[in-house]
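What follows is one structure encoded as structure tokens, with my remarks underneath.
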Ligand SMILES: [Zn+2]
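Numbering (this note's numbering), first residue to last: -14 to 638.
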């Protein structure tokens, strides 16, 4: 419900911003922001939602002698180009939305062509436009596409991204620096309350350590994802073709199987990328895949990434030619690289003629299962391709997805030494075109706590050290809500993908304080207990931190441990008891959050010890309560492949 509320407001704001721009078009030479105020948006926003946390103070920052707003009034206008990208409009509406939440003020909107630049003008310019050009504001070419500049010139402020996506991130960064803005989740946002705010004296740039950061769980969508600053590359795929595991969708057997049986792997679970050694048919396969990519590029003028990836199987073609290649290079990835190099050549030759400006398109394949190993050798201590044939085309990139590795531990730890080596080897081939697909959940059971909290930072650093341009740290993407401290995971993950050196302890503590409020310490104790239990399994019992390890047994979760955790949950409810009368809305919100985390503890108690420690009636009631809570909290799945109803069948309820 609250999610919808934000979405609705933002939509209204975007609309009103557009309307204002249209309305402003005739106001040429208007430099003092003498334009109609936002009507719909500002009227809606003077009442801040009760859940906005305003108990943060305005941070210290350098200021100029001019007020962005004073006593609830402002003569500053947001300036954007009339033909600005949708992202730039979003940036403007986000700025006004959060400024309104903090102060009740919203800035008027001005079209850049109607604005006259001078040192004394009061503008907040967003994105590239006539005013930013007149003021001489530029974005360094070294910044990646999500980077931005925040700069004060005269009495105006300039927020400018390397692309329009960066415009939005410039706004969030400004808000954090002048109003202590912090986004924890859609109903937990901190921002200082302010009647007046001085214009900052800023001149800085920032960019994410990982240029493209994908969402991790189902909860992140639309504006939620934008506010976590998780914005992926713009993937393109043909009509009806998935983004991932799509080779047999590009080349379906039922369409091509009769005419080109050589195109298909011996077990028909994928393609034969050597066409069984038939040169003419190989060329035809390259062209057929390449032609589909050409069409995709034409149909997606904003797209920048195409993933041509093998199916989600562990097998590969075992025809004589594929076997020869595997013998020669020691890995099936060689056939994929050779094929992709030819496809990229074929598509890029056309692309350079047809769309010379679209130089940013990248073509990807999976280093996953059969192809996880890179075809490299060492020469004088340097990793190099085995030969010229497996040297990457400069537009070719790889999605390295080490699904078998241990994500309890960092890639720099002994458990993962072979995976770190793989990362280095792929990095040597792909350079800066490294796309990382990591994992942070037990996909066979969404109720189990998966501890990658102690490895996340090291893993992301290792990725950045090895050419990361994109990261997807896969979690419960298809569950509408998740237990096991997944909300913290999403928060930390999005923070660290932007800045791999962020202070994890401070972020975690801050998150607990905001999210669990009076129950912060108690819930932190539960969180620590769960981490320690995972660590004990790993260090003392030798249990692998692989996401497929079956850990839901009484060997790994002792009854007394679970009962201690249950007691902590009860304590947490007691901790927030005073809120019940002082702030019933906040009480309900935090109650739900504790309840969400209780699910993984209650699941294990019921599943592992239910028949031993409860009477039949008690067990039945506990299961029913668990089911009700899952419904209330929007838990929709038992596992990646099973709906929650499967659990109700298992439990006989
Ligand atoms: Zn083959």
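Positions of the beta carbon are idealized from the N, C-alpha and C atoms, including for glycine.
query                                                                                                               : result
beta-carbon residue 259 near ligand 1 non-hydrogen atom, thresh 6 Å                                                 : yes
Residue 560 classed as buried or exposed, judged by whether at least 16 other C-beta atoms fall within 10 angstroms : buried
Inter-residue Cα distance where the pair is residue 547 and residue 161                                             : 39 Å
Completely contained alpha helix (DSSP H) runs for the segment 232 to 262, where each covers 4 or more residues     : 232 to 235 and 238 to 241
Classification of residue 448 by the beta-carbon crowding that lies within 10 angstroms, buried from 16 upward      : buried
beta-carbon residue 615 near ligand 1 non-hydrogen atom, thresh 6 Å                                                 : no
Option in 596, 538, 551 and 499 with minimal Cα separation from residue 575                                         : 499
Contact test: residue 294 Cβ vs ligand 2 heavy atom, cutoff 6 Å                                                     : Ligand 2 is not part of the structure shown, which contains ligand 1 as its ligands.
contact_flag[the segment 445 to 460, the segment 186 to 198] where n(CB pairs < 8 Å) is 3 or more                   : yes
Contained alpha helix (DSSP H) runs [length at least 4] in the segment 158 to 213, N- to C-terminal order           : 208 to 212
For residue 630, three-class secondary structure by DSSP                                                            : helix
Residue 50 in three-state terms, based on DSSP                                                                      : strand
DSSP-derived helix/strand/coil call for residue 137                                                                 : strand
contact_flag[the segment 114 to 131, the segment 52 to 67] where n(CB pairs < 8 Å) is 3 or more                     : yes
Residue 595 - containing alpha helix (DSSP H), residue span                                                         : 569 to 598
For residue 299, the three-state DSSP class (helix, strand or coil)                                                 : coil
Continuous beta strand (DSSP E) stretch holding residue 351: start and end                                          : 347 to 352
Start-to-end residues for the beta strand (DSSP E) that takes in residue 64                                         : 62 to 65
For residue 143, the nearest candidate out of 595, 507 and 106 (CA to CA)                                           : 106
Span of the beta strand (DSSP E), counted from its first residue to its last, around residue 362                    : 361 to 364
Whole-angstrom distance between residue 298 and residue 353, CA atom to CA atom                                     : 9 Å
Beta-bridge partners of residue 370, as assigned by DSSP                                                            : 361
Minimum Cβ-Cβ distance from residue 602 to chain D less than 7 Å                                                    : Looking at the structure shown, chain D is missing, and only one protein chain is on hand.
Member of 192, 633 and 578 whose CA lies at the smallest distance from the CA of residue 618                        : 578
Outcome for residue 362 when other beta-carbon atoms lying within 10 angstroms are tallied against a minimum of 16  : exposed
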